[in-house]
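Peer 1:
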Amino acid sequence: MRHISPSLLAADFGNLQRECEMINQSSAEYLHIDVMDGVFVPNISFGFPVMKAVAKHCTKPLDVHLMITEPEKYVERFCKAGAWSVGFHIEATDDPMKAIRIIREQGVRTCLTINPKTDIHALDPYLGEVDMVLLMSVEAGYGGQSFIPVSVDRLRYLREAIDSRGLRTLIEVDGGINTQNASLLWEAGADILVAGSAVFQAKDPIATIDQLKQ
Ligand code: DX5
Ligand code: ZN
């Protein structure tokens with residue numbers, strides 16, 4: 003699978019409707035929604051009202067990435083705000099299964115996210131419990147950072163762990179992804195690539211989305 007999820011964080015926030023319409027016309031499979039609370043990460047992005055407005059204009063499934071503490075308190079509201087999938091960080095909660103269950107009860111796809119510095123084996127017990135894992139290839143918090151090369155080894159480990167157990171869990175990779183490094187990530191086993199700056203700052207975002215798939 004080679005699916006692209008452009009990250010809205012890099013879009014022109016003064017023209018969100020226009021940006022959504024561009025994504026609707028593109029070959030992107032999803033729109034990635036980065037929610038930051040200023041506590042779990044040192045940055046604040048946007049929350050429910052913006053996401054609901056985007057849901058009205060975007061015809062692609064919304065792939066929600068929560069960078070917030072105590073995700074179990076908010077995941078249900080994100081499901082109700084129109085999420086196709088809801089992901090939260092393994093570092094943000096003591097009880098990932100609680101949030102996973104709430105998301106599942108809403109009929110929404112579950113995603114567990116891991117930061118670059120967290121031991122990749124922390125995901126092992128959950129690989130069979132979620133629909134997707136989101137491997138951060140930059141420290142969560144800001145768009146426009148450089149890809150951390152060791153993420154490729156972490157991705158290879160996840161691909162092998164998922165395949166050897168006969169699981170169908172999807173692997174999404176997020177951070178610093180562009181037309182130069184995308185092919186390496188597909189080869190290492192990524193199913194979905196998130197790209198913010200590479201898409202929205204490109205001269206031709208629609209052509210860039212096509213290129214990212216190659
Ligand atoms: C970082 C976010 C990413 C970010 C990606 O905390 O989770 O989704 O927007 O942006 P780029 O592609 O610019 O690294
Ligand atoms: Zn993200």
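Note that my numbering gives residue 105 to position 103 of the sequence shown, counting from 1, and the numbers run on in steps of one.
Glycine is no exception: its CB is placed at the ideal position from the N, C-alpha and C atoms.
Bear in mind that the values here come from a model prediction, so they are computed numbers and not experimental data.
Thinking C-beta only, is His-91 closer than 8 Å to Ala-12?
Peer 2: No, they are not a contact pair.
Peer 1: Let me know the secondary structure DSSP gives Ala-209 once reduced to three states.
Peer 2: Ala-209: helix per DSSP, three-state reduction.
Peer 1: First and last residue of the alpha helix (DSSP H) that includes Cys-113?
Peer 2: Unbroken run through Cys-113 is the beta strand (DSSP E), 111-116; no alpha helix (DSSP H).
Peer 1: Quick one, which of Leu-169, Gln-147, Asp-165 and Ser-166 has its alpha-carbon nearest Ala-197's?
Peer 2: Among Leu-169, Gln-147, Asp-165 and Ser-166, the Cα nearest to that of Ala-197 is on Gln-147.
Peer 1: Below 8 Å on the Cβ atoms is my guess for Leu-33 versus Pro-8; work out the distance and round it to an integer in Å.
Peer 2: Correct: roughly 6 Å between the Cβ atoms.
Peer 1: Can you tell me whether DSSP reads Asp-133 as helix, strand or coil?
Peer 2: In the structure shown, Asp-133 sits in coil (DSSP, three-state: anything other than H, G, I, E or B).
Peer 1: Hey, which unbroken runs of the alpha helix (DSSP H) at 4 residues or more fall wholly within the stretch 152-200?
Peer 2: Segments of the alpha helix (DSSP H) lying fully in the stretch 152-200: 153-166 and 184-189.
Peer 1: At which residues does the alpha helix (DSSP H) containing Phe-80 begin and terminate?
Peer 2: First-last of the alpha helix (DSSP H) with Phe-80: 77-82.
Peer 1: For the candidate residues Gly-178, Ile-173 and Thr-210, whose alpha-carbon lies nearest to that of Val-194?
Peer 2: One point to set straight first is that residue 194 is Ile, not Val, in the sequence displayed. Among Gly-178, Ile-173 and Thr-210, the Cα nearest to that of Ile-194 is on Ile-173.
Peer 1: Do Gly-89 and Leu-129 have their C-beta atoms within less than 8 Å of each other?
Peer 2: Going by C-beta atoms, Gly-89 is not nearer than 8 Å to Leu-129.
Peer 1: Tell me which same chain residues have a C-beta within less than 7 Å of the C-beta of Thr-95, skipping the five on either side of it?
Peer 2: Around Thr-95: Glu-72, Pro-73, Glu-74 and Ala-101.
Peer 1: Quick one: grab the DSSP three-state call for Met-69.
Peer 2: The answer is strand: DSSP assigns Met-69 an E or B state.
Peer 1: Less than 8 Å between the CB atoms is what I'm expecting for Ile-211 and Ser-28, so what's the real figure, rounded?
Peer 2: Their Cβ separation, rounded to whole angstroms, is 5 Å, which keeps Ile-211 and Ser-28 in contact under 8 Å.
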